[in-house]
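Residue numbers for the sequence shown follow the numbering used here, so the first one is 355 and each next one is one higher. Ideal Cβ placement from N, Cα and C applies to all residues, glycine included. Accompanying notes for the structure given below.
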Amino acid sequence: MAQTRITQEIEVDTDDSQQTGLLNCPVEILIGIFECYLAEKLNRLDRLALVCKLWDNIVMDTPTLWTHIVIGITTIRSGPQWHKITLNLNAEDFLPLFDTLYAEFHRWRSLYIVLPQTLNLSHIVFRYLCGCPSKLVELGLQDFSWRMNQTTSFTDLPSLKMLVLGSAFAYKEMVHSFSLASLQALDIDLHGFEMWNGGKDTRSDAPVLEARHTTRNLSKHR
355 MAQTRITQEI
365 EVDTDDSQQT
375 GLLNCPVEIL
385 IGIFECYLAE
395 KLNRLDRLAL
405 VCKLWDNIVM
415 DTPTLWTHIV
425 IGITTIRSGP
435 QWHKITLNLN
445 AEDFLPLFDT
455 LYAEFHRWRS
465 LYIVLPQTLN
475 LSHIVFRYLC
485 GCPSKLVELG
495 LQDFSWRMNQ
505 TTSFTDLPSL
515 KMLVLGSAFA
525 YKEMVHSFSL
535 ASLQALDIDL
545 HGFEMWNGGK
555 DTRSDAPVLE
565 ARHTTRNLSK
575 HR
């Protein structure tokens, strides 16, 4: 009888005060109300729409019913989807920007950086990426370059599972910088790949192997 009485109240009036009282009901009563609504043959579609709306409010206000949480961000379709920020950096003023990013680096799971082509910041990026404990799982670097004097490597990122290097220039020693124990996906698009010969200091004496617009993919299935 209690279920029927509550059902009639919902059917007559569904203002906020009635919904507030409804949310205080035990879950078993709420399920009974749901089934009672669907048992009616007349106006079943309208009743279903109403009870689904009420049930949505119930679930949202009842944490014990939460089993899967998805957060969606609505964007305005008629407006721009991205806010582009352009920074004109030189060799002196880009460090404060990295300092700001570095302060929150320990929380990140994925990071993608597009490096300027006119200013080689790859060694600076490495110093920041590998300078503190990291939980980074995905890393992407565009216009990245690897030099012989590189003192840090991707092995300093033990949790890294996906690495994407685009438009990169690298020496063959770069292949020793990957920790394959944890890496599951490797995507490299090299514009130039230089084989170092006998430790010579000048790149003009070293044979060059061009690997333009090539991609290497490494996948592990566990």
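Counting along the chain, where does the beta strand (DSSP E) carrying residue i start and finish?
{"i": "residue 493", "result": "492 to 496"}
{"i": "residue 464", "result": "464 to 468"}
With DSSP collapsed to three states, give me the class of residue i.
{"i": "residue 514", "result": "coil"}
{"i": "residue 537", "result": "coil"}
{"i": "residue 483", "result": "helix"}
{"i": "residue 475", "result": "coil"}
Within 10 angstroms of its Cβ, does residue i collect 16 or more other Cβ (buried), or is it exposed?
{"i": "residue 301", "result": "With the chain running from 355 to 576 in the structure shown, residue 301 is simply not present."}
{"i": "residue 453", "result": "exposed"}
{"i": "residue 497", "result": "buried"}
Return the chain-ordered list of same chain residues with a C-beta closer than 6 Å to the C-beta of residue i, the five sequence neighbours on each side being excluded.
{"i": "residue 492", "result": "464, 516"}
{"i": "residue 475", "result": "469"}
Can you find the residues in the same chain that come closer than 8 Å, C-beta to C-beta, to residue i, ignoring five residues on each side of it along the sequence?
{"i": "residue 462", "result": "488, 489, 490"}
{"i": "residue 482", "result": "452, 455, 456, 459"}
Between residue i and residue j, which are expected to be in contact by the criterion C-beta below 8 Å, what is the C-beta distance as a whole number of angstroms?
{"i": "residue 495", "j": "residue 519", "result": "6 Å"}
Which same chain residues end up closer than 7 Å to residue i when comparing Cβ atoms and leaving out the 5 residues on each side of it in sequence?
{"i": "residue 409", "result": "388"}
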